[in-house]
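See structure below.
There are 2 protein chains.
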Amino acid sequence: MAKNNSKNNSKEHTRIRIINSAKKLFSEQGYQKTTIVDISKQAGLSEAALYEYFQGKEDLLLTIPDLWVSELLHDLDEQLFGIQGAVNKLRKYLWWYLRRVEQAPLDAKIVYLFLKTNANFLNTEVYANVKRLYAYLIDIFEEGQKNGEMKPDLNPRIARDIFVGTMDHIVTRWLLKDMSYSLFDNLDHTFNLLVAAFKAEQSNSADYLN
Amino acid sequence: MAKNNSKNNSKEHTRIRIINSAKKLFSEQGYQKTTIVDISKQAGLSEAALYEYFQGKEDLLLTIPDLWVSELLHDLDEQLFGIQGAVNKLRKYLWWYLRRVEQAPLDAKIVYLFLKTNANFLNTEVYANVKRLYAYLIDIFEEGQKNGEMKPDLNPRIARDIFVGTMDHIVTRWLLKDMSYSLFDNLDHTFNLLVAAFKAEQSNSADYLN
DNA sequence: ATATTTGTCCTAATGTTATTAGGAAAAATA
DNA sequence: TATTTTTCCTAATAACATTAGGACAAATAT
Numbered sequence: 036m037a038k039n040n041s042k043n044n045s046k047e048h049t050r051i052r053i054i055n056s057a058k059k060l061f062s063e064q065g066y067q068k069t070t071i072v073d074i075s076k077q078a079g080l081s082e083a084a085l086y087e088y089f090q091g092k093e094d095l096l097l098t099i100p101d102l103w104v105s106e107l108l109h110d111l112d113e114q115l116f117g118i119q120g121a122v123n124k125l126r127k128y129l130w131w132y133l134r135r136v137e138q139a140p141l142d143a144k145i146v147y148l149f150l151k152t153n154a155n156f157l158n159t160e161v162y163a164n165v166k167r168l169y170a171y172l173i174d175i176f177e178e179g180q181k182n183g184e185m186k187p188d189l190n191p192r193i194a195r196d197i198f199v200g201t202m203d204h205i206v207t208r209w210l211l212k213d214m215s216y217s218l219f220d221n222l223d224h225t226f227n228l229l230v231a232a233f234k235a236e237q238s239n240s241a242d243y244l245n
Numbered sequence: 036m037a038k039n040n041s042k043n044n045s046k047e048h049t050r051i052r053i054i055n056s057a058k059k060l061f062s063e064q065g066y067q068k069t070t071i072v073d074i075s076k077q078a079g080l081s082e083a084a085l086y087e088y089f090q091g092k093e094d095l096l097l098t099i100p101d102l103w104v105s106e107l108l109h110d111l112d113e114q115l116f117g118i119q120g121a122v123n124k125l126r127k128y129l130w131w132y133l134r135r136v137e138q139a140p141l142d143a144k145i146v147y148l149f150l151k152t153n154a155n156f157l158n159t160e161v162y163a164n165v166k167r168l169y170a171y172l173i174d175i176f177e178e179g180q181k182n183g184e185m186k187p188d189l190n191p192r193i194a195r196d197i198f199v200g201t202m203d204h205i206v207t208r209w210l211l212k213d214m215s216y217s218l219f220d221n222l223d224h225t226f227n228l229l230v231a232a233f234k235a236e237q238s239n240s241a242d243y244l245n
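One line per chain: the protein sequences are A and B, in this order. Be aware that the first sequence starts at 36, since it is given in my numbering, and climbs by one per residue. Be aware that the second sequence starts at 36, since it is given in my numbering, and climbs by one per residue.
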């Protein structure tokens with residue numbers, strides 16, 4: 036009844052090989068232009084064998100970002116742990132996220148460029164996790180209101196929209212331009228402008244530290 | 036040599052019929068799931084006849100937003116004509132753009148959800164026109180700096196990124212949520228936050244009127 | 001008016017690609 | 001050693017984009 040480890044490992048290993056091949060090809064050539072034959076060749080398998088691991092091309096497309104985003108979600112907790120103040124948390128969030136994108140551009144490309152067009156996107160686990168990732172921001176803005184860092188009449192959801200919209204825009208352009216420059220260029224200036232939008236007018240900046 | 040009007044008209048009419056059919060089906064079912072047979076049936080033609088009008092499915096996909104965006108570009112000049120001050124222009128830009136999206140949601144859906152995934156997108160006329168559309172914002176921010184409305188050290192390109200990112204985010208979510216609410220909900224609050232990011236600190240708000 | 005060219009459309013291929021059938025070989029288990 | 005399960009393959013099948021080749025009619029030329 037107990038499964039043999041080596042078998043398990045090799046099965047898992049093959050699965051990972053397929054995922055990596057698909058990731059590479061999707062992000063290089065796009066989803067449509069990548070064929071199942073391409074992917075299976077790259078992974079060293081026949082087409083049919085691939086169907087033992089994935090239900091089909093679409094399933095494969097959805098699996099890739101699923102892994103990435105759920106990993107991000109788990110990491111975020113760790114990253115924000117111990118950071119004091121809403122503005123500091125926001126800053127960490129932005130730098131952390133762009134770093135993760137920089138480190139996994141293939142995953143990011145699939146999420147940003149190919150996923151939204153998929154009719155099932157809204158029903159996927161990825162979408163749910165992306166929402167959770169963004170929901171953190173709402174908590175941060177609410178915290179900022181409580182401690183006086185942020186405007187008292189700030190709508191946290193709208194603040195989130197502005198923050199996420201800007202972040203997504205930066206990432207999307209970087210991906211479309213083939214990652215030909217640093218994501219962190221001018222990021223300080225961008226962040227300062229965003230904070231100016233959210234910050235309380237007469238912010239006694241040390242208030243929340245007491 | 037001179038062409039008959041009725042013939043010309045019927046040719047043009049058929050072309051438009053095909054475009055409208057494709058627009059409807061692409062935005063309802065997505066690009067991938069829409070077949071050439073679907074489109075040609077909807078337009079009352081055979082598949083082969085469609086190829087007299089368009090080079091193929093991809094050409095059809097690119098033609099639709101091309102028409103829309105170039106129309107937008109032309110309209111924008113008119114809309115901003117006579118509006119005084121950078122903040123007022125920004126406001127008009129935002130309201131105008133979202134209105135146009137509201138009025139042509141099928142075109143918007145194609146631009147926002149299906150176009151970016153296309154490998155040729157960066158080389159299309161649509162992309163060039165979208166860039167021009169967004170470049171207007173840079174002019175507006177520069178004007179705002181000259182007349183003291185905007186922060187003197189504002190980087191106009193970054194301000195544009197924030198503005199466009201927020202706008203695109205609002206539109207994208209609205210499209211993904213099947214246009215089930217008004218694009219203008221909370222728009223005032225959103226706009227005020229954005230302006231707070233860009234505005235000069237001690238803005239003597241009437242300066243630029245002199 | 002008749003012949004010829006051009007424009008519009010069709011049915012029937014063709015070729016690519018995702019997916020499935022059916023079974024062989026190997027590995028695990030009894 | 002026999003049997004079941006896993007993993008993989010070759011060879012269909014089916015959906016679809018695109019093309020061939022020609023019919024028919026409208027426009028134009030003679």
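In this text, a Cβ means the ideal position worked out from N, Cα and C, and glycines have one as well. These figures come from a predicted structure and were not determined experimentally.
Of the residues the options, the one placed nearest residue i, counting alpha carbons only
i	options	result
residue 220/B	213/B, 229/B, 209/B	209/B
residue 228/B	222/A, 189/A, 215/A, 206/A	189/A
residue 144/B	164/B, 213/B, 81/B, 180/B	213/B
residue 71/B	49/B, 89/B, 82/B, 65/B	82/B
residue 186/B	175/A, 205/A, 153/A, 224/A	224/A
residue 104/B	161/B, 118/B, 178/B, 65/B	161/B
residue 136/A	58/A, 206/A, 97/A	206/A
residue 169/A	87/A, 119/A, 197/A	197/A
residue 66/B	173/A, 131/A, 154/A	154/A
residue 51/A	102/A, 92/A, 64/A	102/A
residue 113/A	131/A, 122/A, 121/A	131/A
residue 73/B	53/B, 142/B, 148/B	53/B
residue 176/A	87/A, 126/A, 89/A, 222/A	126/A
residue 108/A	75/A, 117/A, 148/A, 171/A	171/A
Straight-line gap, residue i to residue j (C-alpha atoms, nearest Å)
i	j	result
residue 99/A	residue 84/A	18 angstroms
residue 217/A	residue 115/A	23 angstroms
residue 95/B	residue 152/A	17 angstroms
residue 61/A	residue 150/A	11 angstroms
residue 59/A	residue 106/A	19 angstroms
residue 173/B	residue 192/B	6 angstroms
residue 119/B	residue 178/B	10 angstroms
residue 93/B	residue 129/B	30 angstroms
residue 159/A	residue 166/A	11 angstroms
residue 69/B	residue 142/B	16 angstroms
residue 194/A	residue 122/A	13 angstroms
residue 235/A	residue 182/A	10 angstroms
residue 163/A	residue 230/B	31 angstroms
residue 39/A	residue 97/A	In this prediction, residue 39/A scores a pLDDT of 37, lower than 50, which makes its location untrustworthy; the coordinate-derived value is nonetheless stated afterwards. Roughly 29 angstroms between the two C-alpha positions.
residue 139/A	residue 146/A	11 angstroms
residue 222/A	residue 63/B	38 angstroms
residue 16/A	residue 88/A	This structure leaves residue 16/A out entirely; chain A is present only between 36 and 245.
residue 203/A	residue 117/A	26 angstroms
Opposing strand residues paired with residue i [DSSP bridges]
i	result
residue 185/B	234/B
Environment of residue i [buried if 16+ CB atoms lie within 10 Å]
i	result
residue 184/A	buried
residue 79/A	exposed
residue 56/B	buried
residue 133/A	buried
residue 232/A	buried
residue 110/A	exposed
residue 45/A	exposed
residue 48/A	exposed
residue 180/A	buried
residue 215/B	exposed
residue 124/A	buried
residue 157/A	exposed
residue 91/A	exposed
residue 200/A	buried
> Which of the residues in the stretch 126–158 of chain A, read from start to end, lie with their CB under 7 angstroms from any CB of chain B?
Replying inline: 148, 149, 151, 152, 154, 157
> At a Cβ cut of 9 angstroms, what residues of the stretch 44–66 of chain B count as close to chain A, listed as they run along the chain?
Replying inline: 64, 65, 66
> Using a Cβ cut-off of 7 angstroms, which residues of the stretch 81–112 of chain B contact any Cβ in chain A, in chain order?
Replying inline: none
>> What are the residues in the stretch 223–238 of chain B lying within 8 angstroms of chain A by C-beta distance?
In response: 224, 225, 228, 229, 231, 232, 233
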